[in-house]
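Chemist: Quick note: the sequence shown uses my numbering, first residue 304, plus one each step.
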Amino acid sequence: MARRYAPGMSPAELARSQRKLEQSQRRRFRAELRQKIRDARRSRQAAARLMRQLCRRGRLGAREARAEARRRLLERQKRERAEIGERGRQLVSQARTNCQTARRQAREQTSSRVEAARRELVEQQQFWEELRRIRRARLEEHREQKKRHKSERAASVTQSDDEVRANLAAELVPFFDRVRRRIHGTADRSRTEAFLQYVEENPEEYLADLAERGEIAIPEESEAEYIARRRREERAA
């Protein structure tokens, strides 16, 4: 089929015009592709920033909850110590009053010094027995208090899965269910704080989980990014 030429244009001019048109189309296509890549990177950066904000809010919430629990525990300990001290003082005062009353009555009822001495000895023995009983009661209460404190600290370290879920934002719960067997608490850090730190240290895994659940769309990496990632993985291996 014969090629048609535009009026007044030679075949060479027509060929140059077509090449310019193709070059313009390629430049426009490359510009659109670069814009798409920039938009994808901005979306990924925005998702990472959102994740960091969520983690930061989660950590702050967990720290505030732990501080509030510690404050309540200290207040309860203070009240218990005050109650124990007041009860002890009341018992000692009552014992002394009873001893003094009994001693006075003994002196009034009998003039025998021997009988008075005997009664006073009995009263003194009762008084010291009462003091020993008070000391034993205080010691027992102190032991029970230490047991309660130890169990409360152990409960903070071994938080259950439901307790951790209750401390997390709703969007973090599915990811926690996925990695919960790897999350362990310590004496200085609860399981909630350990999970939030894990999310902060492994953002790629968290973003991949969101992508699998269809909550965000992670753009496909370019050829240069793929090559760079493969080189990093080979160096790490």
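For glycine and all other residues, C-beta sits at the position ideal for the given N, C-alpha and C. As the structure is a prediction and not an experimental result, all values here were calculated from the model.
Are any of the Cβ atoms in chain D nearer than 8 Å to that of Q412?
Modeler: No chain D appears in this structure, which consists of one protein chain only.
Chemist: Go to A350, then tell me how far its alpha helix (DSSP H) extends in each direction, as first and last residue.
Modeler: Position 47 of the sequence shown holds residue 350. A350 -> alpha helix (DSSP H) spans P314 to Q412.
Chemist: With distances taken from CA atoms, which of E474, L475, L499 and I437 is nearest R392?
Modeler: Within the sequence shown, the letter at position 89 stands for residue 392. That would be I437, whose Cα lies nearest to the Cα of R392.
Chemist: Is the Cβ-Cβ distance between R483 and D464 less than 8 Å?
Modeler: As a first step, residue 483 is located in the sequence shown; it is residue number 180 there, counting from the start. As a first step, residue 464 is located in the sequence shown; it is residue number 161 there, counting from the start. If you check the CB distance, R483 and D464 come in under 8 Å.
Chemist: Secondary structure at T274, three-state DSSP: helix, strand or coil?
Modeler: No statement about residue 274 is possible, as the shown extent of the chain runs from 304 to 540 and does not include it.
Chemist: Helix, strand or coil: which one does DSSP assign to T461?
Modeler: Start at 1 with the first residue of the sequence shown, and residue 461 comes out as number 158. In this structure, T461 counts as coil in the three-state DSSP scheme.
Chemist: Taking only three categories from DSSP, how would you classify L471?
Modeler: Here residue 471 refers to the residue found at position 168 when the sequence shown is read from its first residue. It is coil, neither helix nor strand.
Chemist: Would you say the stretch 467-480 touches the stretch 344-352, given that touching needs at least three Cβ pairs under 8 Å?
Modeler: no
Chemist: So, T495 versus Q462, is the Cβ gap smaller than 8 Å?
Modeler: For this step, residue 495 is matched to residue 192 along the sequence shown. For this step, residue 462 is matched to residue 159 along the sequence shown. The answer is yes: Cβ separation under 8 Å.
Chemist: Taking a contact to mean a Cβ-Cβ separation below 8 Å, would you say G361 touches L510 in this structure?
Modeler: Position 58 of the sequence shown, counted from the first residue, corresponds to residue 361. Position 207 of the sequence shown, counted from the first residue, corresponds to residue 510. Cβ atoms of G361 and L510: not closer than 8 Å.
Chemist: Could you tell me how far apart the beta carbons of R355 and E503 are, in whole angstroms, since I believe they sit closer than 8 Å?
Modeler: Here the question's residue 355 lines up with position 52 in the sequence shown. Here the question's residue 503 lines up with position 200 in the sequence shown. With 8 Å as the limit, R355 and E503 qualify as a contact, their Cβ atoms being about 7 Å apart.
Chemist: State the Cα-Cα distance for the pair R435 and V395, rounded to the nearest angstrom.
Modeler: Position 132 of the sequence shown, counted from the start, is the residue given in the question as residue 435. Position 92 of the sequence shown, counted from the start, is the residue given in the question as residue 395. Between R435 and V395, the C-alpha separation is close to 11 Å.
Chemist: If distances are taken between C-alpha atoms only, which option among E386, A372, E432 and R538 comes closest to S493?
Modeler: Within the sequence shown, residue 493 is the residue found at index 190, counting from 1. Of the listed residues, the one whose Cα sits closest to S493 is A372.
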